[in-house]
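S.K.: Under the working numbering, the sequence shown has 556 at position 12, and the numbering climbs by one with no breaks.
Cβ coordinates follow ideal geometry from the N, Cα and C atoms, glycine included.
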Amino acid sequence: TQTTMGQTLTRAAQWTSVSEGGQGKLEFSPLNEVLLNEIIKFVEGFSSKHQQEAQTVFRSPLSWDTQIEPSAFSGAYEVSDTKAVSEAKAPDGQSLLVLEKGGGKTTVSVSSFDQLLAVLKYSGDKMREARAC
């Protein structure tokens, strides 16, 4: 049986017990820190070594809560007080990165490795962002 990368990582990582929200959280442990560092290195390396492939659009975006402010983004992003949206678009016209503040939280969705790398770059704390993702 084939497994996805996410399923493999889920098994390898160490999780807390299930919380009220119905999900465990990633523990702060040496093993998890190693896994997260490897994920960060992979994203950085993949995006620099395989620039064309890094622009490939994911079937489904990765989405998570973040502490990044929309104002952290610059360059190829349309930025307002409550939103940052990439100028880069998927074939269907959707932005490859959407960061939105609302309802007391900020959520980011990315649809390519190069936009995932941008999130890490603008986060200020790659480890915290990788843990949140």
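1) Within the region 594-635, note down every full beta strand (DSSP E) run reaching 3 residues or more, in order along the chain.
2) Once you ignore the five residues that flank residue 634 on each side, which residues in its own chain have a CB closer than 7 Å to its CB?
3) What's the C-alpha gap between residue 618 and residue 668?
4) In whole angstroms, what separates the C-alpha of residue 624 from that of residue 644?
5) Where does residue 643 sit, in a helix, a strand or coil, going by DSSP?
6) Looking at residue 607 and residue 652, is the spacing between their C-beta atoms short of 8 Å?
7) Kindly indicate the opening and closing residues of the alpha helix (DSSP H) around residue 667.
8) On the three-state DSSP scale, how would you describe residue 490?
9) Determine the closest residue to residue 670 out of 575, 573, 587, with distance taken between C-alpha atoms.
M.R.: This is what the structure holds:
1) Qualifying beta strand (DSSP E) stretches, in chain order: 606-610, 621-623, 627-630.
2) Within the same chain, residue 634 has close Cβ partners 601, 640, 655.
3) The C-alpha of residue 668 is placed about 14 Å away from the C-alpha of residue 618.
4) Going from the Cα of residue 624 to the Cα of residue 644 covers about 10 Å.
5) Residue 643 carries a strand assignment under DSSP once its states are collapsed to helix, strand and coil.
6) Against a cut-off of 8 Å, the Cβ pair of residue 607 and residue 652 comes out as a contact.
7) Unbroken alpha helix (DSSP H) run through residue 667: 657-667.
8) Outside the shown range of the chain (545 to 677) lies residue 490, about which nothing can therefore be said.
9) Measuring from the Cα of residue 670, the nearest candidate turns out to be 587.
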